[in-house]
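Trainee:
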Amino acid sequence: MSKTDTEEASKDKLREMHCKFNALSRCDGSVMYSQGATVVIAAVLGPIEVKTQNLSIEGSYLECNYRPKAGLPQVKERIREAAIRDVLELALLSEAYPRAKMSVQVQELEDRGSIDACALNAACLAMLIGGLPLKYSFAAVHCIINEQGEFVLDPDQNETLHQQASFTFAFDSVDGNLLLVQTKGAFKIAQFNDIECICRAASAEIFEFYRRNIAKYHGSSAEQAAVTKESSSSDLPMET
């Protein structure tokens, strides 16, 4: 296969995904998540005590903060933070812990394209590992239309320099409903519908990535607990 054919084939595929669970201490769950060269770390804490002004008897209060790689958050970071909070509020089963607070912190480590989708996926994994009550998990996918009118799924930074339009979708894992739609640029309705279908299909790959890695994490945790229990039992004095 020629280099051109390889590049064309990669335009409708997600970049390689990796994750590392509990990369941080002093939190209930954390994950370092990457897609291609884009890296985000997310951490969750909760349920914890909530301030009186945020207290609700109907459900828990959700705190969400997004931090850029360097410097203070600007307007674009605040917009990204608001989008993440909106999706988390839809997914969180807040009724499970009334009069409490759930905290989600997202830190950008490297932005090499599709940072909005990566931040959402990292937050979802952190909530799953941290044991926060969710109605469903969710997956976000980014796609653009380049200068040639081609659809590029999960583009890297170089591919977004001369884009005509960009799209970010987030889907839930139960019914596949849209939780978030972000668009920028000029496009036709037919193009929007086609890209939504492409992103919906790609979200299934992300959900499978969640399941595979969480199962591996819990499997290794259970194995480690069994080894610890066995070693503790062997240290006990023998009865006579």
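Counting in the working numbering, the sequence shown runs from 1177 upward without gaps. Beta carbons are placed, not taken as given, at the ideal position from N, Cα and C, and that holds for glycine.
#1: Taking Cβ to Cβ, would you say threonine 1344 is nearer than 8 Å to alanine 1316?
#2: So, is lysine 1252 buried or exposed, given that buried needs 16 or more other C-beta atoms within 10 angstroms?
#3: Count the other CB atoms, across all protein chains shown, that sit within 10 Å of the CB of cysteine 1319; report buried if there are 16 or more and exposed otherwise.
#4: Hey, quick one: how far does the alpha helix (DSSP H) through leucine 1238 stretch, first residue to last?
#5: Name the DSSP beta bridge partners of tyrosine 1209, please?
#6: Which partner residues of leucine 1310 appear in the DSSP bridge assignment?
#7: Looking only at DSSP bridge pairs, what is alanine 1361 linked to?
#8: Quick one: residues in its chain with C-beta nearer than 8 Å to the C-beta of glycine 1395, no 5 flanking neighbours on either side, listed in chain order?
#9: What whole-angstrom Cβ distance do tyrosine 1386 and leucine 1304 have, given they're in contact under 8 Å?
#10: Who pairs with leucine 1356 in a beta bridge, going by DSSP?
#11: Methionine 1278 bridges to which residues according to DSSP?
#12: Where do the ends of the beta strand (DSSP E) carrying leucine 1329 lie?
#13: Please state the DSSP three-state secondary structure of cysteine 1375.
#14: Under 8 Å: do the stretch 1223-1242 and the stretch 1358-1369 share three or more Cβ pairs, one atom per stretch?
#15: Which residue from Pro1249, Asp1292, Arg1243 puts its Cα closest to that of valine 1263?
Mentor: On the basis of the coordinates in this document:
#1: yes
#2: Answer is exposed; the Cβ neighbour count stays below 16.
#3: buried
#4: Taken as a continuous stretch (DSSP letters only), leucine 1238 belongs to no alpha helix (DSSP H), being part of the beta strand (DSSP E) at 1237-1243.
#5: Cys1195, Val1216
#6: Leu1268
#7: Residue identity check: residue 1361 is glycine in the sequence provided, not alanine. DSSP lists Ala1341 as partners of glycine 1361.
#8: none
#9: 7 Å
#10: Ala1346
#11: According to DSSP, residue pairing for methionine 1278 in a beta bridge involves Leu1238.
#12: 1327-1329
#13: helix
#14: Segments in contact, no.
#15: Asp1292
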